[in-house]
Amino acid sequence: MSSIRNAVQRRVHRERAQPLERQRLGLLEKHKDYSLRAKDFNKKKAQLRALRQKAADRNEDEFYFGMMSRKGPGDALSQGKRWNGTAEGDRGNKVMDLDTVRLLKTQDVGYIRTVRNAALKETKALEERVVGLGGSLDAQAEEDSDDEFGFGAPKQTKPKKIVFTEGVEERDEKLRQEKEKEVDDKDDLDSDDDDEKDDPEALRAEQQQKLLEKLQRRLQNARKKLRILARTEHELEVQRSKMAKTATSGNIITKSGKKIKIRERKR
Numbered sequence: 013m014s015s016i017r018n019a020v021q022r023r024v025h026r027e028r029a030q031p032l033e034r035q036r037l038g039l040l041e042k043h044k045d046y047s048l049r050a051k052d053f054n055k056k057k058a059q060l061r062a063l064r065q066k067a068a069d070r071n072e073d074e075f076y077f078g079m080m081s082r083k084g085p086g087d088a089l090s091q092g093k094r095w096n097g098t099a100e101g102d103r104g105n106k107v108m109d110l111d112t113v114r115l116l117k118t119q120d121v122g123y124i125r126t127v128r129n130a131a132l133k134e135t136k137a138l139e140e141r142v143v144g145l146g147g148s149l150d151a152q153a154e155e156d157s158d159d160e161f162g163f164g165a166p167k168q169t170k171p172k173k174i175v176f177t178e179g180v181e182e183r184d185e186k187l188r189q190e191k192e193k194e195v196d197d198k199d200d201l202d203s204d205d206d207d208e209k210d211d212p213e214a215l216r217a218e219q220q221q222k223l224l225e226k227l228q229r230r231l232q233n234a235r236k237k238l239r240i241l242a243r244t245e246h247e248l249e250v251q252r253s254k255m256a257k258t259a260t261s262g263n264i265i266t267k268s269g270k271k272i273k274i275r276e277r278k279r
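In the working numbering, the protein residues as written are 13 to 279.
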């Protein structure tokens with residue numbers, strides 16, 4: 013009976029949550045969280061202390077052949093001035109057989125082909141939209157080819173006009189006239205812009221031109237991506253064909269000294 017009475021009167025204690033002004037710091041750390049973190053910290057500290065003691069007590073003259081983990085050149089004695097500080101040799105990685113590598117190349121080719129088909133659809137859709145807005149595809153193709161090989165048309169710089177004056181006063185007068193002319197031109201442009209804003213047809217044409225330029229930039233990037241994917245697919249196909257069981261490219265000399273010419277017909 014007393015246990016029931018005590019259970020009814022017992023208060024439910026809940027863990028305190030993180031205050032609202034400290035919610036950015038995450039959950040409020042409880043004592044059990046601190047205990048786990050402290051145990052982990054002390055365990056790592058003891059392990060580091062043991063490793064330092066082991067390194068301090070080691071014998072510098074001790075040597076085992078198992079210490080030679082790398083094979084091949086990789087020191088200053090063998091390479092001399094050409095040594096760059098890296099140790100060359102076997103890293104212990106497992107070498108995959110030829111069939112496995114060829115299968116992985118096949119999967120890579122399949123993925124590249126899938127991405128290229130998606131890029132091709134995107135390019136065709138962009139071409140249709142550019143043509144629908146009245147843009148030209150020939151000029152776009154020429155720009156793409158120029159960008160690919162890096163010899164686009166040089167930019168023509170505006171020639172500078174040199175004016176000779178007799179003195180400082182004449183020079184100041186010339187500068188004042190030039191500034192007045194620039195202000196007048198700017199006012200004319202502002203008035204033209206106001207007229208265009210009032211005209212809905214001109215505003216629609218301007219928006220259409222901006223959209224066309226944006227689509228042309230997207231089309232140029234899509235074509236560049238398509239060319240890169242096609243080149244990558246071709247390179248992977250060449251690598252995969254060279255890894256075939258039968259000779260597919262190049263002139264091969266067997267161990268017995270027999271030359272195998274790939275393109276030569278059997279006699």
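C-beta atoms are modelled at their ideal positions from N, C-alpha and C, and glycine is treated no differently.
Next on the checklist: Once DSSP output is grouped into helix, strand and coil, what is the label at Lys271?
Outcome noted: Walking along the sequence shown from the start, residue 271 turns up at place 259. Looking at Lys271 - three-state DSSP - the assignment turns out to be strand.
Checklist entry - When the Cα atoms are used, what is the spatial distance from Leu227 to Arg243? => result Here residue 227 refers to the residue found at position 215 of the sequence shown. Here residue 243 refers to the residue found at position 231 of the sequence shown. Cα-Cα distance, rounded: 24 Å.
Next on the checklist: Between which two residues does the alpha helix (DSSP H) holding Val127 run?
Outcome noted: The residue you call residue 127 lines up with position 115 of the sequence shown. Counting along the chain, the alpha helix (DSSP H) containing Val127 begins and ends at 110–144.
Checklist entry - Taking the alpha-carbon positions, what's the Lys237 to His246 distance? => result Indexing the sequence shown from 1 puts residue 237 at position 225. Indexing the sequence shown from 1 puts residue 246 at position 234. Going by the C-alpha atoms only, they are around 14 Å apart.
Next on the checklist: Using the three-state DSSP reduction, which class does His25 fall into: helix, strand or coil?
Outcome noted: For the purposes of this step, residue 25 is taken as the residue at position 13 of the sequence shown. His25: coil per DSSP, three-state reduction.
Checklist entry - Does the distance from the CB of Val142 to the CB of Leu224 come in under 8 Å? => result Numbered from its first residue, the sequence shown carries residue 142 at position 130. Numbered from its first residue, the sequence shown carries residue 224 at position 212. Yes, they are a contact pair.
Next on the checklist: Using 8 Å for Cβ pairs, my map puts Arg114 next to Arg252. What's the rounded Cβ distance?
Outcome noted: Position 102 of the sequence shown, counting from 1, holds the residue named residue 114. Position 240 of the sequence shown, counting from 1, holds the residue named residue 252. With a Cβ gap of about 6 Å, Arg114 and Arg252 count as contacting.
Item to check | Cβ-based neighbour list, Glu139, same chain, cut-off 7 Å, excluding 5 preceding and 5 following | outcome: Taking the sequence shown and counting its residues from 1, one reaches residue 139 at position 127. Cβ within range, chain order: Leu149, Leu231.
Checklist entry - Would you call Ala68 buried or exposed, if buried means 16 or more other Cβ atoms sit within 10 Å of its Cβ? => result Working through the sequence shown from its first residue, we reach residue 68 at position 56. Exposed, by the Cβ-count rule.
Checklist entry - Does the Cβ of Ile174 have 16 or more other Cβ atoms within 10 Å, making it buried, or fewer, making it exposed? => result Start at 1 with the first residue of the sequence shown, and residue 174 comes out as number 162. Exposed, since its Cβ has fewer than 16 Cβ neighbours within 10 Å.
Item to check | Own chain, CB closer than 8 Å to Leu234, minus 5 neighbours either side, in chain order | outcome: Residue mapping note: residue 234 aligns to position 222 of the sequence shown, counting from 1. It should be noted that the sequence gives Ala, not Leu, for residue 234. Cβ within range, chain order: Ala131, Glu134, Thr135, Leu138.
Checklist entry - Arg22: beta carbon under 7 Å from a heavy atom of the ligand ZN? => result Within the structure as shown, the ligand ZN is missing, as the structure has no ligands at all.
Checklist entry - Just reading off the alpha helix (DSSP H) that Val107 is part of, what are its end residues? => result Start at 1 with the first residue of the sequence shown, and residue 107 comes out as number 95. Counting along the chain, Val107 falls outside any alpha helix (DSSP H), and DSSP gives it neither H nor E.
Checklist entry - Three-state secondary structure (DSSP) at Thr177? => result Walking along the sequence shown from the start, residue 177 turns up at place 165. Three-state result, Thr177: coil.
Checklist entry - How long is the line joining the alpha carbons of Lys193 and Asp211, rounded to whole angstroms? => result Here residue 193 refers to the residue found at position 181 when the sequence shown is read from its first residue. Here residue 211 refers to the residue found at position 199 when the sequence shown is read from its first residue. Each residue's alpha carbon lies about 27 Å from the other.
Item to check | Distance, Glu74 Cα to Ser47 Cα | outcome: Here the question's residue 47 lines up with position 35 in the sequence shown. Here the question's residue 74 lines up with position 62 in the sequence shown. Going by the C-alpha atoms only, they are around 42 Å apart.
Item to check | Tyr46 - DSSP class collapsed to helix/strand/coil | outcome: Taking the sequence shown and counting its residues from 1, one reaches residue 46 at position 34. Tyr46: helix per DSSP, three-state reduction.
Checklist entry - Which of helix, strand or coil does DSSP assign to Asp190? => result Counting from 1 along the sequence shown, the entry for residue 190 is found at position 178. Residue 190 is actually Glu in this sequence, not Asp. In the structure shown, Glu190 sits in a helix (DSSP, three-state: H, G or I).
Next on the checklist: Check this for me: beta carbons of Leu248 and Asp45, under 8 Å apart or not?
Outcome noted: Walking along the sequence shown from the start, residue 248 turns up at place 236. Walking along the sequence shown from the start, residue 45 turns up at place 33. Against a cut-off of 8 Å, the Cβ pair of Asp45 and Leu248 comes out as no contact.
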